[in-house]
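Worksheet for the structure shown next.
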Amino acid sequence: MLSISDLFTLGLLVVLGTLAEADAGASSSSPSAWTGWGGNCLNNRWQPESALTISNIDTLTLKCSKTYPFGVSATPVIEGNIVYYPTWDGEMVALDYTTCQVKWSFNVTQLIVDYAPPNSYQVLAYPVSRTSPQIDGNIIHFGTQRFALVVAMDKRTGAVLDTYQVNPHPLAVITQSPTFHNGILFVGTGSYEEPAPLRFPGYKCCTFIGNFVALTFSRQTRKFRLKWDLPTLPSGTAWSGAGVWGSQPSIDEKRNQVFFGTGNVYSFPQEFAHCANETSECMPRGVNQEAIIAVNIASGKENWVRRITKMDAWNGACVATPIDKENCAQDPPGTDGDFGMAPGFVSAKTSGLKEDIVVVGQKNANLYALSAEKGEMVWQVNTSPDLQGGGISWGLAVDDEAVYYNLPYGLGGFGFNESTAFYGAVGVKDGKKLWEKRVDESGTNSIALTAPTVLGCGRQERGGRGRNGSGKGEGKGKGREDDDGLVLFPRTGVMDEQGAYFYSQGALVFVEKRTGRVVKELALDTNFNGGIAVQGRYVMFGTGYRNGQNYLGNGTLHVYRV
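Numbering-wise, the sequence shown is residues -22 to -1, 1 to 540 according to mature numbering (1 follows the signal peptide of the UniProt record, and there is no 0).
Here it is as structure tokens:
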């Protein structure tokens, strides 16, 4: 691993001579490249050009693996024969997955340590990155947890070019992966202030306000510049929270807008306490908690805001024993029903829908489809009654016919130690349930925390035929047979008691996307909290996680090939 000084020296020598010659913004990725957390700027986790099918799945073989303390959970990003990913022990790695040779490895932890000393509260945030990077020609961008920094790096050498603090709050973090589009980088901030009242007795909650920014990066000056900064709550009031923390922002090129989702509030002015029992309209304008927001890319102005749920105030004080009522403002406490993701964009042109939509899941186990034009509700469906907190948290996969999801802790009404986690699919047109299957039919109480990935050609490649191979358009499809489509789901581990799954074995589960039938399960070395990236004949993902004292083992970056 190179030191910071080595990298800066190397970076100056290389960058001064050649960086200006790099692509001015457009990625050189092939159409099948996996370019971000969500695979692309639509944030749909759909790879239509994968060579992996039901018919050849038994040829899937491990070709490369790299093990790290705590492991890897971010979805890897693939361009050419290089995969880029952060590790939980504080590295950013460029790996040639065809030879299993590390091209370069950068010490992100040292960068953060050198940036500033942490205060006593900032130790909550690890000095690492957990975001999938974004590729901008010969530059990659990623975010850090502690200090909420965006980092620009020469992707050829690992030399740091610039850093930019997106939110100055001491406990702000970047856990959302950024999106790069047409020369602009988009990312939001969440906060570790939410658990702070539980971790630090006497902590006065709360002051963090989430935000979403657009940045540009100059190759001439090697500096970031803020294009616009959109807060999720009004400043100078008692409102706090509404972080932006999951998946990656999605892009609507037709309307030149970007979408993101927000979380719950941590605190609120007492004159609005009654809003906990009313609709979302009770909250004043600008209080964008648990909302989906469409922003004009050029101006940074909101095109529309869809606030979904009533006021939901929650922080770590609400689960203290007894409840810390000074810091837990809502009585009874809110449900912690975040949008832990940005929506995925679905084009009417490719899906056969009447209009472009965005689809998104919420931690209350609801799925929604909204009009991309105005944010109006197209459909909504509840996938599990009476579920609080852990419903649909980390993201979805969506192709032009279905939305694929997992319920991490399963259907409401079951006991904690029952096997209740589910995989499922609903129709993208109307939200009608297509199938839903238990994560583990053997009843061992497996859980599935992270987002799936869907493979297989779409409607246009099948000549316009629907899920059953029928419909208008009798032309021959260019893709594979209809029954070859797969959804790759994570099985994180076994939840025998709180946190125990960290030391259990996860699995990669291959499911027939039209029926939910399990085709294959691939047992892994440890817990599986990672995102799955697919390019051509390759499948890549990480295992392991870093979460306080719950897991002190290793995890692995896996590269499989058919």
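Backbone N, C-alpha and C define an ideal beta-carbon position, used for all residues, glycine too.
In this structure, Asn423 is the residue among Asn423, Gly278 and Glu379 with its C-alpha nearest to the C-alpha of Met473.
Of all alpha-carbon atoms in Lys352, Phe238 and Tyr401, the one lying nearest the alpha-carbon of Val496 is that of Tyr401.
Each residue's CA atom was taken as its position, placing Phe506 and Gly484 some 5 angstroms apart. In the three-state DSSP reduction, Pro175 falls in the helix class (H, G or I). In this chain, the alpha helix (DSSP H) harbouring Lys327 covers Ala326 to Ser329. Counted as a single uninterrupted DSSP element, the alpha helix (DSSP H) harbouring Val91 occupies residues Val86 to Tyr93. With a 10 Å radius around the Cβ and a threshold of 16 neighbouring Cβ atoms, Lys232 comes out exposed.
Leu102 sits in a helix when the DSSP states are folded into three classes. For Cys296, the three-state secondary structure derived from DSSP is helix.
When the Cα atoms are used, Phe48 and Ser107 turn out to be separated by approximately 13 angstroms. The C-beta separation of Gly318 from Gly224 comes to about 4 angstroms, placing the pair in contact by the 8 angstroms criterion.
Residue state for Phe48 is assigned as coil, using DSSP reduced to three classes.
8 angstroms or more divides the Cβ of Lys201 from the Cβ of Ala192. A direct Cα-Cα distance of roughly 49 angstroms separates Ser213 from Thr493. If you draw a straight line from the Cα of Gly330 to the Cα of Asp377, it comes to about 12 angstroms. Straight-line spacing of the CA atoms in Asp302 and Cys296 works out to 6 angstroms. Listed in chain order, the non-local C-beta contacts of Pro227 below 6 angstroms within the same chain comprise Thr157, Phe164, Val236, Phe238 and Ala320, local neighbours out to five positions each way being set aside. As the crow flies, the alpha-carbon of Ser155 is around 30 angstroms from that of Ala307.
Pairing Pro209 with Ile187 gives a Cβ-Cβ distance under 8 angstroms. Closest in alpha carbon position to Gly136, among Gly322, Val86, Asn145 and Trp12, is Val86.
Assignment of Cys78 by DSSP, reduced to helix, strand and coil, places it in the coil class. Excluding sequence positions up to five before and after Gly264, its CB lies within less than 6 angstroms of the CB of Pro212, all in the same chain and listed in chain order. Val432 has its alpha-carbon roughly 10 angstroms from the corresponding atom of Gly17. Each of Asp290, Glu490 and Ala429 was checked against the Cα of Gly339, and the nearest Cα belongs to Ala429.
If you look at Gly239, you'll find it in the beta strand (DSSP E) that goes Gln235 to Gly239. When the five nearest sequence neighbours on each side are left out, the beta carbons in the same chain lying within less than 7 angstroms of the beta carbon of Gln100 are those of Arg124, Pro148 and Leu149, in order along the chain. Taken through DSSP and simplified to helix, strand or coil, Gln358 comes out as strand. Judged by beta-carbon spacing, Leu345 lies within the 8 angstroms limit of Thr361, meaning their Cβ atoms are closer than that value. Annotation: Asp67 is outside any beta strand (DSSP E) and is labelled neither H nor E by DSSP. For Asn266, same chain residues with a beta-carbon under 8 angstroms away, outside a window of 5 residues either side, are Thr210, Leu211, Ala220, Thr240, Val283 and Arg285 in chain order.
Considered as a whole, the stretch 246 to 329 harbours 269 to 274, 280 to 285 and 322 to 324 as its complete beta strand (DSSP E) runs of no fewer than 3 residues, in chain order. A direct Cα-Cα distance of roughly 28 angstroms separates Ala326 from Ser110. For Ile510, same chain residues with a beta-carbon under 6 angstroms away, outside a window of 5 residues either side, are Thr431, Leu466 and Phe519 in chain order. Its chain contains Val537 and Arg539 as the residues whose beta carbon lies nearer than 6 angstroms to that of Lys41, once the 5 sequence neighbours on both sides are disregarded; these appear in chain order. Across the set Val50, Asn22, Asn293 and Ile32, the C-alpha of Val50 shows the shortest separation from the C-alpha of Asp503. Only residues of its own chain outside the window of five on either side were considered, and among them Tyr181, Cys183, Asn293, Gly294, Ala295, Asp302 and Asn305 have a CB closer than 7 angstroms to the CB of Pro175, listed in chain order.
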